[in-house]
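If you use this note's numbering, the sequence shown corresponds to residues 2 to 158, in order.
One structure is given here, and the rest of the page talks about it.
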Amino acid sequence: MSNTLNGAVNPADFFKQKEIGGKRYTIQALDGWTAWDGWTLILQTVAPVFGEVLDSRNVDEEAAMFEKQNTFREVLTIVSHNLNKPEMRSLVNKMLEGAACEWEVINIDKHFKEKVHLMMELIVFATEVNFKGFFTQSDMFQSMLGGLGKVMSGIET
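In structure tokens form, the structure reads like this:
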């Protein structure tokens, strides 16, 4: 894996690097169709969560207060249930393929033994590298987030 372009640092590589636990990690971006499959998997995971929360608005005021007290727990339950699906594990494995620490490709199992908290940071970074636009540039996702924020704060649209 080359980190240079005509002897200079390649800016694209720079933006795929992050310091975690005092070491420099590098993530390779997914190819187009793999990223597409990941995007649809993330959408399948988060869309029901937003639907559940937005549907909780369609109840009377007394029931709504009860629903709001349980919404966060329900959202976390749905998300955590989906994180353990084989498809999500496969996506995480693909995002970590070729991951390097200090420019040496790592064996995830060995490298993160007794350091799962650092592995989680790398997974979050790999998700950001590959899907940041889904969360920041997707009109549909931003619209869902806006509706979710209003439900959580009790503001009607």
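For every residue, glycine included, the Cβ atom is placed at its ideal position computed from N, Cα and C.
Computed from a prediction, not measured in an experiment: that's the story for all the values here.
- Separation of Leu42 and Glu103 (C-alpha to C-alpha, rounded to the nearest whole angstrom) is 30 Å.
- Considered as a whole, the region 89-125 harbours 109-112 as its complete alpha helix (DSSP H) runs of no fewer than 4 residues, in chain order.
- DSSP, read as helix, strand or coil, puts Lys17 in coil.
- Note that the C-beta distance between Trp40 and Phe132 is below 8 Å.
- Taking the Cα of Asp32 as reference, the smallest distance to any Cα among Leu92, Val106 and Lys114 is reached at Leu92.
- Between the region 78-89 and the region 110-119, the count of Cβ pairs shorter than 8 Å is below three; the stretches do not touch.
- Pairing Lys17 with Ile124, the inter-Cα distance amounts to about 12 Å.
- Of the residues assessed, Gln29 falls on the buried side of the cut-off, its CB having 16 or more other CB atoms within 10 angstroms.
- The alpha carbon of Pro49 has as its nearest neighbour, out of Trp37, Gly23, Ile21 and Ser81, the alpha carbon of Ser81.
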